[in-house]
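Report on the structure given below.
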Amino acid sequence: MHCHGDLVSYLSCGMMLAGLGHLVYHKNIQKSYGRHMGRSPPARTVPARLAWFLQEMPALLVPLLLMLSRPVPAEHEEQGQYLLLGTFCMHYFQRTFVYSLLTRGTPFPLGVMLSAGVFCSLNGLLQGHYLLHCAQFDDEWSADYRYKTGLLLFYIGMAMNVHSDYILRNLRKPGEVVYKIPTGGLFEYVSGANYLGEIVEWFGYAVATWSIPALSFAVFSLCFIGPRAYHHHRFYQETFKDYPKFRKALIPFIF
Ligand SMILES: NC(=O)c1ccc[n+]([C@@H]2O[C@H](COP(=O)([O-])OP(=O)(O)OC[C@H]3O[C@@H](n4cnc5c(N)ncnc54)[C@H](OP(=O)(O)O)[C@@H]3O)[C@@H](O)[C@H]2O)c1
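The numbering of the sequence shown is the numbering used here, which starts it at -9 and goes up by one.
Following this line, the structure appears as structure tokens:
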């Protein structure tokens, strides 16, 4: 398959604009899922585990299918493309088969699950198609400082994200639906520690791939979960009188 440059540009621009639109709309209001659904959750919901499994799966499946539909490259050929796409798939393997199956979250609105599934499919297609059919790596790619620093940031971000999600999950006993003050790890500094990890992860990935599609996804993530971190922080401050004053919403010591 040859590179569909127009498709890559449209999807990348669309993703960035969708992120910015989401940021503007959700600056003051946050309703989509979880604690912000309020007292009247939508009529149609899906159990959290099933919802996360189904909605995240396409971001793993689509790149895998794209990889499988290509002839096997000769040794040393296209290693960079496969390694970076494999890194993207690793995140979604964790999200689909570990995070989803362990979550103790409240039921998810069906509409949000469907839109997240469409987003994950398009994002999987964008990142997979770009890396496999458009990206060019020269012989020195693995020595490039952007690749090394980007991947390092990605792994640091992923560790922060997975550890923070683990802390949140263990705040509840099975079957319990309450919110408690998270403690430990990066939660000592920010209320949105899992979101901070995820944002670092995708900006690291954008540096490692040095590509517009990956940058668009990083910007989208920042615009999508940044406001959630801010609203979670306000929720904690309003709910718990003893909420640590030192703690910020998303960026330690700053915001
Ligand atoms: N890249 C992206 O654009 C993007 C977008 C969305 C999410 N994500 C990632 O997906 C993961 C989940 O996101 P999310 O928005 O669902 O995160 P979240 O709102 O922080 O919730 C994570 C889980 O922990 C529970 N929880 C949160 N705070 C709690 C507390 N104080 N006490 C007890 N339980 C608590 C939630 O339960 P409830 O469901 O009952 O609130 C939910 O099951 C994160 O790692 C996030 O980075 C990425």
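Note that CB positions come from ideal geometry on N, CA and C, so glycine has one too.
Under the DSSP definition of a beta bridge, which residues are partnered with residue i?
i      : result
LYS163 : In the DSSP output, where bridge partners are listed per residue, LYS163 has none listed.
PHE144 : None, per the DSSP bridge assignment.
Consult DSSP for residue i and reduce its assignment to one of helix, strand or coil.
i       : result
PHE236  : coil
VAL168  : coil
PHE98   : strand
THR35   : strand
ASP(-4) : helix
LYS138  : helix
GLU228  : helix
ASP128  : coil
GLN20   : coil
PRO242  : coil
MET103  : helix
SER30   : coil
MET47   : helix
MET(-9) : coil
Measure the CB-CB distance between residue i and residue j and report whether it falls below 8 Å.
i      : j       : result
SER211 : GLY187  : no
LEU121 : GLN84   : no
CYS79  : LEU50   : yes
THR199 : LEU(-3) : no
VAL209 : GLY9    : yes
SER90  : GLU46   : yes
PRO242 : VAL152  : no
LEU143 : GLY216  : no
GLY107 : PRO48   : yes
ALA38  : GLY95   : yes
PHE236 : HIS12   : no
TYR156 : ARG25   : no
TYR220 : TYR226  : no
ASN197 : GLY140  : In the sequence as displayed, the identity of residue 197 is Val instead of Asn. A contact, by the Cβ cut-off of 8 Å.
HIS331 : MET(-9) : Residue 331 lies beyond the residue range present for the chain, which begins at -9 and ends at 245; the question has no answer from this structure.
PRO31  : GLY101  : no
HIS223 : ALA239  : yes
ARG218 : TYR185  : yes
TRP42  : THR93   : yes
VAL52  : GLY114  : yes
ALA125 : SER59   : no
LEU1   : LEU176  : no
TYR15  : PRO99   : no
Quick check on the DSSP output: what are the complete alpha helix (DSSP H) runs of length 4 or more inside the region 53 to 88, in order along the chain?
69 to 84
Can you list the alpha helix (DSSP H) stretches of 4 or more residues lying completely in the region 173 to 209, in chain order?
183 to 199
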